[in-house]
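Going line by line, the protein sequences match chains A and B. According to numbering that gives the first Met the number 0, the first sequence is numbered sequentially starting from 0. According to numbering that gives the first Met the number 0, the second sequence is numbered sequentially starting from 0. We treat Cβ as the ideally placed atom computed from N, Cα and C, and that holds for glycine.
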Amino acid sequence: MSDSAATPAARPAPLLWAEDITSGYGGVPVVRGVSIAVGPGEIVAVIGPNGAGKSTLLKTLVGILRVSSGRVMLEGNDVTNHSPEELARRGVGYVPQVQDIFEPLTALENLEMGGYLLPQASIRGRVDAVIEVFPALAPLLKRRADKLSGGERKMLAIGRVLMLDPRVVILDEPTANLAPQLADTLLGEHVRALGARGKAVLLVEQRARAALDIAAWTSVLVSGATRLEGRPGELLERQDFEELFLGASTSLTPVSGSEVEIA
Amino acid sequence: MSLYLAAFGFGLVSTSVLAIAAVGFTMQFGISNMINLAYGEVMIAAAYASYGLNNAGINIWVSLLGGAVFGSVSSYLINRVLYAPFQKKGTALIGMVIISLAASLMIANVLLPIVGYYSVSYRQNVGPTFHAGSIALTGVQLAIMGLAIVLMLVIHSLLKLTRLGKAMRATSANPTLARNCGIPTRRVIDTAWLITGALCGVAGTVAGMNSDTFAVASGAGFLISIIAAAVLGGAGNPYGAMIGALLIGEVTEISAAAFSPEYKEVAAFAILVLVMVLRPQGLLAKRGTLAAAG
Chain A
0 MSDSAATPAA RPAPLLWAED ITSGYGGVPV VRGVSIAVGP GEIVAVIGPN GAGKSTLLKT
60 LVGILRVSSG RVMLEGNDVT NHSPEELARR GVGYVPQVQD IFEPLTALEN LEMGGYLLPQ
120 ASIRGRVDAV IEVFPALAPL LKRRADKLSG GERKMLAIGR VLMLDPRVVI LDEPTANLAP
180 QLADTLLGEH VRALGARGKA VLLVEQRARA ALDIAAWTSV LVSGATRLEG RPGELLERQD
240 FEELFLGAST SLTPVSGSEV EIA
Chain B
0 MSLYLAAFGF GLVSTSVLAI AAVGFTMQFG ISNMINLAYG EVMIAAAYAS YGLNNAGINI
60 WVSLLGGAVF GSVSSYLINR VLYAPFQKKG TALIGMVIIS LAASLMIANV LLPIVGYYSV
120 SYRQNVGPTF HAGSIALTGV QLAIMGLAIV LMLVIHSLLK LTRLGKAMRA TSANPTLARN
180 CGIPTRRVID TAWLITGALC GVAGTVAGMN SDTFAVASGA GFLISIIAAA VLGGAGNPYG
240 AMIGALLIGE VTEISAAAFS PEYKEVAAFA ILVLVMVLRP QGLLAKRGTL AAAG
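1. Need the endpoints of the alpha helix (DSSP H) that B/F28 sits in, please.
2. Is B/V41 near B/Y116, with beta carbons less than 8 Å apart?
3. Compute the Euclidean distance between the alpha carbons of B/F258 and B/L246, then round it to the nearest angstrom.
4. Let me check you understand the geometry: is the CB of A/G38 closer than 7 Å to at least one non-hydrogen atom of the ligand COA?
5. If distances are taken between C-alpha atoms only, which option among A/P13, A/P48 and A/L56 comes closest to A/T21?
6. Is the Cβ-Cβ distance between B/S31 and B/N108 less than 8 Å?
7. Starting from A/M112, find everything on chain B with Cβ-Cβ shorter than 8 Å and list it in chain order.
8. Is the shortest distance between the beta-carbon of B/R79 and the beta-carbons of chain A less than 8 Å?
9. Whole angstroms are fine: how far does the CA of B/V250 sit from the CA of B/A267?
10. Using a Cβ-Cβ cut-off of less than 9 Å, give me the residues of the stretch 67–86 of chain A that come near chain B, in sequence order.
11. On the DSSP bridge list, what partners appear for A/G92?
12. Using alpha carbons as the reference points, say which of B/V22, B/Y121, B/L273 and B/I242 lies closest to B/N209.
13. According to DSSP, is B/F213 part of a helix, a strand, or is it coil?
14. Leaving out the 5 sequence neighbours to the left and right, which residues in its chain are closer than 6 Å to A/E18 when beta-carbon positions are compared?
15. Looking only at C-alpha atoms, which of B/T212, B/L64, B/P183 and B/G218 sits nearest to B/L100?
16. Can you list, in chain order, the stretches of the beta strand (DSSP E) that have 3 or more residues and sit fully within the stretch 127–161 of chain A?
17. Using 8 Å as the threshold, is the stretch 168–182 of chain A in touch with the stretch 92–100 of chain A, meaning 3 or more CB pairs across them?
18. Quick one: list the residues of chain A neighbouring B/R162, beta-carbon separation under 8 Å, in chain order.
19. Which runs of the alpha helix (DSSP H), 4 residues or longer, sit entirely within the stretch 12–61 of chain A?
20. Please report the straight-line C-alpha distance between B/P279 and B/G233, rounded to a whole angstrom.
21. Go ahead and label A/A12 buried or exposed: buried means 16 or more other beta carbons lie within 10 angstroms of its beta carbon, across all protein chains shown.
22. Closer than 7 Å by beta-carbon distance: list the chain B residues that pair up with A/P103, in chain order.
23. Closer than 7 Å between beta carbons: that is the criterion. Which residues of the stretch 38–69 of chain A meet it against chain B?
24. Check whether chain B comes within 8 Å of A/R166, counting only Cβ atoms and requiring the distance to be less than that.
25. Would you say A/R123 reaches chain D, if we count a Cβ-Cβ gap shorter than 8 Å as a contact?
26. Could you list which residues in chain B have their beta carbon closer than 7 Å to that of A/R281, in chain order?
27. Run the CB neighbour count on B/I225, radius 10 Å, all protein chains shown included, and call it buried at 16 or more, exposed below.
28. One question on the structure: do B/V153 and B/A67 come within less than 8 Å of each other, judged by their Cβ atoms?
29. For the candidate residues B/N54, B/E252 and B/S15, whose alpha-carbon lies nearest to that of B/G145?
30. For a cutoff of 8 Å on Cβ pairs, would you count A/L202 as touching chain B?
31. Helix, strand or coil for B/V125 per DSSP?
32. Classify A/H297 as helix, strand or coil using the three-state DSSP reduction.
33. Check this for me: beta carbons of B/T184 and B/T170, under 8 Å apart or not?
34. Using a Cβ-Cβ cutoff of less than 7 Å, which residues in the same chain neighbour B/A48 once the five nearest sequence positions on both sides are dropped?
35. List, in order along the chain, the chain B residues whose C-beta lies closer than 9 Å to that of A/P231?
36. Mind listing, in chain order, the continuous beta strand (DSSP E) runs of no fewer than 3 residues lying wholly within the stretch 66–102 of chain B?
Here it is as structure tokens:
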């Protein structure tokens, strides 16, 4: 954003913070020595070519994959290799790229499951609060979730996470299966609104430009390592950014051991 | 015609027994991704647990409760001690099937020296015979049908109305996402094994009550019909298992009347093969359910 580039405010103190983490699926590590931080009200975008390890990084942060070295901190507490259940309880919400809802359950049941940790009595109120954020879900509550359109489905997936009113919201390519117009609305309105409401938002996006538009900080991940990070405005000004990002899948070799550039 | 009507009546009883068994079997697959081939042997072991109580002079319906508890606890333990550790290690579905086959053989061979090879029968008063046209059913058979209907309604209410049941369906649909929601999937799965194990124990006992005699060797036959019903309805789907049980239960009894009792299972499997050709995912499952789960 131009205004943030003009007056670069200090980044907020991190809520979720990963330090030098390495992880993968058991074989060769996919994510190698990545550090990333996101603070309250801040939208941090992770971009990079296919296969860069962006989704792997998110799965590691939410406890699905094991951290083999490095650590993950949440509000100053070490939560490295805590279970997904525990991280959900501590206020980390995660919307995967695919399989992001319970398909055979109704939309309402999906929200109820999102609020599984809440006392039964407060679920109704939280559902109403989520409907306020996504009014389009209101007439769909009784519908089976796999009958929803792509946009409705993603709103439900995010709404499910909002049931617990998490402090950290982690979104893996929320626009992946959406038409361009829907994608713009989702990022420009809904995701931005999450940040405005004080959530720490960590976003992986294929639509790099759209992500840079709403992000306060951006990390470029290439071949499992952070290649570049900085404020979106500053990144965009770099001569080599376009080439770095857009040409990355073909021209960049793995950068293990190389220094992370700070824009 | 009256012969077929009578067979239809018996088919309803077979359906009832099969539905109780198949719903438990298919839920184990749906919720913990386990094709439990030891299910038939646990049924038989539970039938013998009930037999032990019954033989000691306890009423068969009270003994049935004992069988349910036995099935519940033993299924829970088999999963906790044997299946869950292998699944945690990442054993593939086919490996898990082999492990359950091994469990099945172990149970049968532990059971044999204890109960012997010979067939046994419950001491029960089958009650008066009720007639409706050419359908003739005993009081016990009607009671088994009533019990099946009650149990199906209980399972339906559990899955659709309770927090636990919804968490079971969520875990079945997407276990990773369930954990991300904070659902303690391990506890949910444990509870599912207790519940499905109870169904297994009830099914074993009512199967013994419905047939004149049973023996350790009966387990394999039960299992075949159960798998047929579960797959027919769509593996992992309890409502599919109920419909599958109805089809298999009726087809076996009516074909027994039409041809010969020896062809019962042939007819059932002809239907299964036909459905698999026309609708490989089963009657109620969405396309790809089996593939996704496996």
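Reading off the structure:
1. Indexing the second sequence from 1 puts residue 28 of chain B at position 29. B/F28: member of the alpha helix (DSSP H) spanning S1 to S31, first to last residue.
2. Position 42 of the second sequence, counting from 1, holds the residue named residue 41 of chain B. Position 117 of the second sequence, counting from 1, holds the residue named residue 116 of chain B. Contact flag unset, no.
3. On the second sequence, position 259 is the one that residue 258 of chain B refers to. On the second sequence, position 247 is the one that residue 246 of chain B refers to. For B/F258 and B/L246, the distance between alpha carbons rounds to 17 Å.
4. This structure simply doesn't include the ligand COA, nor any ligand for that matter.
5. Numbered from 1 along the first sequence, position 22 holds the residue referred to as residue 21 of chain A. Out of A/P13, A/P48 and A/L56, A/L56 has the C-alpha closest to the C-alpha of A/T21.
6. If you number the second sequence from 1, residue 31 of chain B lands on position 32. If you number the second sequence from 1, residue 108 of chain B lands on position 109. By the CB criterion at 8 Å, B/S31 and B/N108 fall outside the cutoff.
7. Taking the first residue of the first sequence as position 1, residue 112 of chain A is located at position 113. Near A/M112 (Cβ distances below 8 Å), the residues of chain B are K165, A166, A169, A177, C180 and I182.
8. Numbered from its first residue, the second sequence carries residue 79 of chain B at position 80. Not an interface residue.
9. Taking the first residue of the second sequence as 1, we reach residue 267 of chain B at position 268. Taking the first residue of the second sequence as 1, we reach residue 250 of chain B at position 251. Approximately 6 Å, taken between the alpha carbons.
10. Against chain B - using a Cβ distance shorter than 9 Å - the residues of the stretch 67–86 of chain A are S82, P83, E84, E85 and L86.
11. Within the first sequence, the letter at position 93 stands for residue 92 of chain A. The partner list for A/G92 (beta bridge, DSSP) reads A/V168.
12. Within the second sequence, residue 209 of chain B is the residue found at index 210, counting from 1. Nearest to B/N209 by C-alpha distance, out of B/V22, B/Y121, B/L273 and B/I242, is B/Y121.
13. Counting from one through the second sequence, the residue named residue 213 of chain B turns up at place 214. B/F213 falls in the strand class under three-state DSSP.
14. Here residue 18 of chain A refers to the residue found at position 19 of the first sequence. Taken in chain order, the residues that qualify are S34, G69 and R70.
15. Here residue 100 of chain B is taken as the residue at index 101 of the second sequence, counted from 1. The option with the nearest alpha carbon to B/L100 is B/G218.
16. Within the stretch 127–161 of chain A, no run of beta strand (DSSP E) reaches 3 residues while sitting entirely inside it.
17. In the pairwise beta carbon analysis, the stretch 168–182 of chain A is classified as touching the stretch 92–100 of chain A: at least three pairs are separated by under 8 Å.
18. Residue mapping note: residue 162 of chain B aligns to position 163 of the second sequence, counting from 1. Within chain A, the residues near B/R162 are E111, Y115 and Q119.
19. Qualifying alpha helix (DSSP H) stretches, in chain order: 53–60.
20. For the purposes of this step, residue 279 of chain B is taken as residue 280 along the second sequence, with counting starting at 1. For the purposes of this step, residue 233 of chain B is taken as residue 234 along the second sequence, with counting starting at 1. Approximately 9 Å, taken between the alpha carbons.
21. Here residue 12 of chain A refers to the residue found at position 13 of the first sequence. Residue environment: A/A12 is assigned as exposed (fewer than 16 neighbouring CB atoms within 10 Å of its CB, all protein chains considered).
22. To locate residue 103 of chain A, count along the first sequence from 1; it is residue 104. Contact annotation for A/P103 against chain B: R168 and A172 [CB-CB distance below 7 Å, chain order].
23. Correct list: V61 and I63.
24. Position 167 of the first sequence, counted from the first residue, corresponds to residue 166 of chain A. For A/R166, the answer is no, since every Cβ of chain B falls outside 8 Å of its Cβ.
25. Protein chains in the displayed structure are A and B, and chain D is not among them.
26. Outside the displayed span of chain A (0 to 262) sits residue 281 of chain A, for which this structure offers no information.
27. Position 226 of the second sequence, counting from 1, holds the residue named residue 225 of chain B. With 16 or more neighbouring CB atoms inside 10 Å of its own CB, B/I225 falls in the buried class.
28. In the second sequence, counting from the first residue as 1, residue 153 of chain B sits at position 154. In the second sequence, counting from the first residue as 1, residue 67 of chain B sits at position 68. Judged by their CB atoms, B/V153 and B/A67 are not nearer to each other than the 8 Å cut-off.
29. To locate residue 145 of chain B, count along the second sequence from 1; it is residue 146. For B/G145, the nearest C-alpha among the options comes from B/S15.
30. One-based indexing of the first sequence puts residue 202 of chain A at position 203. For A/L202, the answer is no, since every Cβ of chain B falls outside 8 Å of its Cβ.
31. To locate residue 125 of chain B, count along the second sequence from 1; it is residue 126. Coil.
32. No answer is possible for residue 297 of chain A: it lies beyond the span of chain A, which begins at 0 and ends at 262.
33. Here residue 184 of chain B refers to the residue found at position 185 when the second sequence is read from its first residue. Here residue 170 of chain B refers to the residue found at position 171 when the second sequence is read from its first residue. A contact, by the Cβ cut-off of 8 Å.
34. For the purposes of this step, residue 48 of chain B is taken as the residue at position 49 of the second sequence. Result list for B/A48: G65, G66 and F69, in chain order.
35. For this step, residue 231 of chain A is matched to residue 232 along the first sequence. Going along chain B, no residue has its Cβ under 9 Å from A/P231, so there is no contact; the nearest lies around 28 Å.
36. If we require 3 residues or more, the stretch 66–102 of chain B turns out to have no beta strand (DSSP E) run fully inside it.
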